[in-house]
Each structure stands twice: as structure tokens, then as C-alpha cells.
Amino acid sequence: MKNLLRLLKEGSRSALWASIMNAVIAVIKAITFFITGNVAMFAEMMHSIGDTANQFFVYVGSALSKKAPTDRFPGGFARLINLVLLGAVLIVGILAYETVKEGINHILAPPESGEWFYLNISVLGIAAILEAYVLFKAMKEITEDIGDNIKGFKIVTKSFKYIDRAKPATKLVFLEDLVATGGAIIAMLSVILGTFTPLIAAEGYASVIIGLMLFFVVGRVFLDNAAGVLGVADEDMERKIGEVVYDHQHVRDIQELIVFKEGAELHVELKIELDPNMSVAEADDIRDDIEARILQVKDVTDVIIEFDEDDETQTWNNPVSQE
1 MKNLLRLLKE GSRSALWASI MNAVIAVIKA ITFFITGNVA MFAEMMHSIG DTANQFFVYV
61 GSALSKKAPT DRFPGGFARL INLVLLGAVL IVGILAYETV KEGINHILAP PESGEWFYLN
121 ISVLGIAAIL EAYVLFKAMK EITEDIGDNI KGFKIVTKSF KYIDRAKPAT KLVFLEDLVA
181 TGGAIIAMLS VILGTFTPLI AAEGYASVII GLMLFFVVGR VFLDNAAGVL GVADEDMERK
241 IGEVVYDHQH VRDIQELIVF KEGAELHVEL KIELDPNMSV AEADDIRDDI EARILQVKDV
301 TDVIIEFDED DETQTWNNPV SQE
């Protein structure tokens, strides 16, 4: 039990916050539905309930992925988060389908608009604010992972720029709450249009748009995590670590360098060339020094280093210094 609690403390904070906030939003929408009987609000309630369960599973998965290797699973559990997210996108896909279907039903048979207008607008406004808060938390977590001390509005711009470098759980929360925040705003506009203009089917069109946005999230997250399950190479980190290794005074060349992701962890395999006249003891000291330098890079968990003698043919082109 103590080990489980320790692992849960290491779970994705953004996923936990998103789950809590969506639970609050689901309760608010449920109360509104029981008061108004509005079918669209029922769909929104189910959407929030689904998001709550989805992001809670992501939080648990991100925590369990940090479990230490065992005799049965010597490779560790880092890729568990990718498997959990592949399951999570199935929930999002079902939500997307139901959202589009409900929107088409509203377009074909628009319900009466205007009743309980202020209550519906208030609930959607509160939902938009809470979703935006969770979205900002995810943005902040993305910028913190980069390692820069980013503050203010730059957190928003930098989070969009570095979304591909975010941890899998954080990326899912970011994308889901980006859609949720935008969807709440679109839903508010549709309620206004449906009440005060002849476009009484506006809520249906809004529902279809939100559903299509959710399908985009499904596709993006599925492709990212399918690659993560297989162990995808990280070219940005290869350039960064290559720079660290090549700067070592005793490294003549880098023959091979592979950095691949397992969940949020990075694994490095390296083959370098040294002076052929160097002793085994000297080479061993160099190995320890290079390994220590690489392990200082964020999220790197293990390093495998091989040596070869200098063949006087340059292989590594040091791409970072050329940028």
C-alpha cells in the first residue's frame, strides 16, 4: 500500500487536476440537466463524466508507469502510460461519436430554444473558466518540462510550440482541455444564436464541430502513443546529447547515437571512437564521465556506451553547432 501511495504521488499532476475539475463540472451540468431537462446539457454532462474517468485512468497509468522493474518485467513499466492512453482514446472516440450524432439529431429536429437561457449560459461559462484553468495548468507543466523559467503569457505561446515534447499524459490533458475550453465557448455562442436569431439549429452545428475536434484529439494521441509503445526515436534529444558527448575532450568521433522514448523515459545507446593507444582504465574513466554527463539530461534513465578505435573517418556531423 505504501508503494502504491508513493507511485500515485508521482502521477501526472495535470491529469489529476483535470479529473477533479471535470468531476466538478459534471456535477454542475448534472444539476442543470435535472432542472432544465435540456438534452444538450445531458450530452455535455455525459461528456464531462467521460473526461473525468478518462483523465483519472491517465493519472493512475502515469503513476504506475514509474514502478521499478521486477524479475518478471526487467524492462520496467515506462510504456504502460502509452498503453493506458491508447485505451483512453477509445473513450474519447466514443464521446466524439456521440457528440456528432447528438449534433446531427439537433440539426434535423431542433429543440425549442430560449427556456432556461441564463442558467445554460452560466453553467457553460463556469465550465469554460474551470476548463481554461486546467488547460493553463497543463501548459505550465509543459513549460516546466522544458526546463526554462517561463512566466506570464509566454507560458501559453511556449506550450503550443513545445507540445510535441510534452509527456504523454500532459499532452492528452492539454489537447482534451483545449477542445473542452473551445467547445464550451462554441456552445455558449450557439445558445446565444439559437435564442436570439432564426438559427435555432445552432447548438446542433456546435455539437458537430466539437465532435470533430474530439476526433482530431483521438487521431493525434493514438498516433503518438502507438509510436511510444513501439519505442520511438527522439531526434531532438539525439542532437542535444550528441553535443554533450562530442564536447568531451577525449571523444574523437560518434559512430552511433540512438535516443528512444519509453513513456516519459529516455534511453541512450552510444558508440564512440577513442584514441587506440588509450588504456582500458583510461577508457573506463571516460565512460563513467560521459555517462554521468548524459544522466544529467532530464528524463534520461539509462545509458549504454560502446567503444571503438578511431578510424580517422568523421561520422558525426555535429548538427547542433550547424544550426
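Numbering follows full-length UniProt numbering, with no gaps: position 134 of the sequence shown is 134. Beta carbons: idealized from backbone N, C-alpha and C, even for Gly.
- The continuous beta strand (DSSP E) containing leucine 257 extends over residues 253-262.
- For lysine 271, the three-state secondary structure derived from DSSP is strand.
- Only residues of its own chain outside the window of five on either side were considered, and among them Val217, Arg220 and Val221 have a CB closer than 7 Å to the CB of leucine 175, listed in chain order.
- Close CB contacts of leucine 130 within its chain, under the 6 Å cut and outside five residues either way in sequence, are with Met21 and Ile25 (chain order).
- Look at leucine 95 here: in three-state DSSP terms it is helix.
- Assignment of glutamate 203 by DSSP, reduced to helix, strand and coil, places it in the helix class.
- In the structure shown, the three-state DSSP call for threonine 315 is coil.
- Counting along the chain, glutamate 176 sits inside the alpha helix (DSSP H) bounded by residues 168-196.
- In this structure, alanine 78 sits near glutamate 265, with a CB-CB distance shorter than 8 Å.
- For glutamate 309, the uninterrupted beta strand (DSSP E) segment begins and ends at 300-309.
- Spatial neighbours of alanine 23 in its own chain (CB-CB distance under 6 Å, excluding positions within 5 residues in sequence) are listed in chain order as Thr52.
- Sequence-distant Cβ neighbours of aspartate 234 in its own chain, meaning closer than 8 Å and more than five residues away, are Val259, Phe260, Lys261 and Leu266.
- Glutamate 141 sits in a helix when the DSSP states are folded into three classes.
- A contact between stretches requires three or more CB pairs, one per stretch, nearer than 8 Å, and the stretch 169-185 meets this requirement with the stretch 135-147.
- The three-state reading of DSSP puts glutamate 115 in coil, since its state is none of H, G, I, E or B.
- DSSP lists Lys261 and Val300 as the bridge partner or partners of leucine 266.
- Its Cα nearest to that of leucine 257, the residue Glu238 stands out among Leu274, Glu238 and Glu243.
- Secondary structure at alanine 109: coil, using DSSP grouped into helix, strand and coil.
- Following the DSSP letters along the chain, one finds methionine 278 in no alpha helix (DSSP H), marked with neither H nor E.
- Here the alpha carbons of threonine 32 and arginine 293 stand approximately 56 Å from one another.
- Around the beta-carbon of proline 168, 16 or more other beta-carbon atoms lie within 10 Å, marking it buried.
- Excluding the 5 residues flanking it on each side, arginine 287 has same chain C-beta neighbours closer than 7 Å at Ile305, in chain order.
- Per the coordinates, the alpha-carbon of tyrosine 133 lies some 13 Å from the alpha-carbon of alanine 184.
- Going by beta carbons, glutamate 273 and aspartate 310 fall inside the 8 Å limit.
- An exposed status is given to asparagine 277, since fewer than 16 other beta-carbon atoms sit within 10 Å of its beta-carbon.
- Glutamate 144 sits away from lysine 66, with the two beta carbons spaced by 8 Å or more.
- Excluding the 5 residues flanking it on each side, threonine 170 has same chain C-beta neighbours closer than 8 Å at Ser12, Ser14, Ala15, Ala138, Glu141, Ile142 and Asp145, in chain order.
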